[in-house]
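Each remark here refers to the structure printed beneath this line.
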Amino acid sequence: NLHFPSVDLSSVSQAYKAVLQDITREISLAEIDLTSPNTGTHKLVLRSLHLRLEHQVSRCQHLQSSLALVRAQSSHAIAATREQHIAEISQLESLVFSSHELVRKQTRRYMEQMDGLISSDSVLGNLCQENHNIMEQLKEMKKKLNLNEIPVCV
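Using our numbering, count along the sequence shown one by one with no gaps and you end on 154.
Here is the structure:
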C-alpha cells in the first residue's frame with residue numbers, strides 16, 4: 001500500500017519550479033552577456049558563458065531525470081489508489097449484498113413465525129367460540145332441568 005500524499009507532491013513541484021526559475025534567470029543573464037559589445041574581453045566572456053550554459057544544461061538534465069522519477073511515482077500512486085478504491089468498493093458491495101440477504105432471511109423467518117402465530121390464534125379463537133357455545137348449551141340444559149325438577153317434600 002503506497003502512501004503518496006498530494007501535499008508531498010505539491011512541495012516537490014514547488015522545489016522543481018524554483019530550480020526551473022533559477023535556470024531561466026541564468027539563461028537571461030547569459031543572453032545579456034552574449035549581447036554585450038565589449039570586444040577586449042569577448043573571448044573570456046564567451047568561455048565563461050559557455051561554461052555557465054553547460055552547467056545549466058546539466059542542471060536541466062538532472063531536473064528532467066528527477067521529474068521523470070517523481071512523475072512515475074505519482075502515476076504509481078494514482079494506480080495504487082485506484083486499485084485500492086476498487087477493492088474497497090467491491091468489499092462494501094459484498095457487505096451490502098450480504099446485509100440484504102440477511103434482511104431477506106430475517107423477513108422470511110418473521111413471516112413464517114407470524115403465519116404460525118396467526119394460525120394458532122385463529123384456532124384458539126375458534127376453540128373459545130366453541131367453548132362459549134357449549135357453555136350456553138349447558139346453561140340452557142341446566143335451566144330446563146331446573147324447570148322440570150319436582151320439588152321434593154320432606
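Ideal Cβ placement from N, Cα and C applies to all residues, glycine included. Owing to the predicted nature of the structure, the values given are computational and were not obtained by experimental measurement.
Backbone secondary structure at residue 149 - three-state DSSP: Counting from 1 along the sequence shown, the entry for residue 149 is found at position 149. If DSSP states are grouped into helix, strand and coil, residue 149 belongs with coil.
Sequence-distant residues of the same chain with beta carbon closer than 6 Å to residue 29, five excluded per side: Within the sequence shown, numbered from 1, the residue matching residue 29 stands at position 29. Excluding residues up to 5 positions away in sequence, nothing lies with its Cβ nearer than 6 Å to the Cβ of residue 29 in the same chain.
Nearest residue (CA-CA) to residue 46, options 111, 105, 60, 33: Walking along the sequence shown from the start, residue 46 turns up at place 46. Minimum Cα distance to residue 46 is reached at 33.
Residue 36 - DSSP class collapsed to helix/strand/coil: Residue 36 sits at position 36 when you count from the first residue of the sequence shown. If DSSP states are grouped into helix, strand and coil, residue 36 belongs with coil.
Cβ distance (whole Å) where residue 53 is taken to contact residue 16 below 8 Å: Position 53 of the sequence shown, counted from the first residue, corresponds to residue 53. Position 16 of the sequence shown, counted from the first residue, corresponds to residue 16. The distance from the Cβ of residue 53 to that of residue 16 is about 20 Å, inconsistent with a contact at the 8 Å cut-off.
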